[in-house]
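Everything below concerns the one structure shown next.
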Amino acid sequence: MRCRGLIALLIWGQSVAAADLGTWGDLWPVKEPDMLTVIMQRLTALEQSGEMGRKMDAFKERVIRNSLRPPAVPGIGRTEKYGSRLFDPSVRLAADIRDNEGRVFARQGEVMNPLQYVPF
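In terms of mature numbering (1 follows the signal peptide of the UniProt record, and there is no 0), the sequence shown is residues -18 to -1, 1 to 102.
Shown next, in the form of structure tokens:
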């Protein structure tokens, strides 16, 4: 029974074609202004009033101020004593590593330091 239903569905699906069904109901033109036009009008108004230049100057000053003295990160305080740690990203390979053509370029058991190939 299931098989018959599936076959009937497949045959019926082949005979159905997409078609233009026309317009159902009334259509009205879009009343909202084009967003790109609104943005361009606002930018033009800012440039003509001189406000754009003032905003750009304030932005440049803020960037310079924050790059010379970045704001503190919440949750990270000043250190109480100096300390440094060394980190070695080397790994011992558990299996051979091959390129896309199947050539082995790193063998199992070798120790590889990625910083020898890519600068940090």
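Think of the CB as a built atom: it goes at the ideal place given N, C-alpha and C, for glycine as much as any other residue.
If you draw a straight line from the alpha carbon of residue i to that of residue j, how long is it in whole angstroms?
{"i": "Gly7", "j": "Thr19", "result": "30 Å"}
{"i": "Gln23", "j": "Met38", "result": "18 Å"}
{"i": "Gly84", "j": "Asp78", "result": "10 Å"}
{"i": "Lys42", "j": "Leu3", "result": "57 Å"}
{"i": "Val86", "j": "Arg80", "result": "4 Å"}
{"i": "Leu(-10)", "j": "Arg(-17)", "result": "11 Å"}
{"i": "Ile(-8)", "j": "Ala1", "result": "19 Å"}
{"i": "Asn48", "j": "Arg74", "result": "42 Å"}
Can you name the start and end residues of the alpha helix (DSSP H) that residue i belongs to?
{"i": "Ala27", "result": "Met17 to Ser31"}
For residue i, name the three-state secondary structure that DSSP assigns.
{"i": "Ile58", "result": "coil"}
{"i": "Val12", "result": "coil"}
{"i": "Arg74", "result": "strand"}
{"i": "Val45", "result": "helix"}
Name the two residues that bound the continuous beta strand (DSSP E) containing residue i.
{"i": "Val86", "result": "Val86 to Ala88"}
Residues bridged to residue i by DSSP?
{"i": "Ile79", "result": "Ala88"}
{"i": "Met38", "result": "Bridge partners of Met38: none, in fact."}
Measuring CA to CA, which of the options is closest to residue i?
{"i": "Phe69", "options": "Pro96, Leu28 and Ile(-12)", "result": "Pro96"}
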